[in-house]
Amino acid sequence: MTSPKRINEIVHECLNKIIIKMMADNNFEEELVPIHDKDFLMRATFDCLILNTKRTLKNFIVFEQGDTVAEVKMGTGERAKVINTLITYFENHEEYEKCQQLLMLKELVASNGN
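The numbering of the sequence shown is our numbering, which starts it at 39 and goes up by one.
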């Protein structure tokens, strides 16, 4: 298994370049982030968004660990795409409680300018 430091370097590089494309199943590139790390990325993104809703509405940080911070800007429509990607992922893993939390967050995001 890849060491945590290496995972952070890979995630940082990918999120800075192709955050939405990387998270979509049909665009997930194994050479950028190994497929077994996709679960790590999705769960880390979920935790970042749900942990502090006020911060999420203001900054929408999808990944943060140490110096690695990836944020989706307001008004781009990309915030809803990130949430939809997470919902699909957790539906496929039958983690419906997470889906419910994400749906509530999606409504808040939409009412605050996506």
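Beta carbons: idealized from backbone N, C-alpha and C, even for Gly. Small disclaimer: the values here were computed from a predicted structure and weren't measured.
Rounded to whole angstroms, what is the Cα-Cα separation between residue i and residue j?
i	j	result
residue 123	residue 104	24 Å
residue 132	residue 139	14 Å
residue 112	residue 88	17 Å
residue 98	residue 143	11 Å
residue 128	residue 76	12 Å
residue 126	residue 108	21 Å
residue 114	residue 150	12 Å
Kindly identify the DSSP beta-bridge partner or partners of residue i.
i	result
residue 101	108
Check the C-beta distance from residue i over to residue j and give it rounded, since I have them as a contact under 8 Å.
i	j	result
residue 155	residue 110	No answer is possible for residue 155: the residues shown for the chain start at 39 and end at 152.
residue 141	residue 91	Rounded, the Cβ-Cβ distance is 13 Å, inconsistent with contact.
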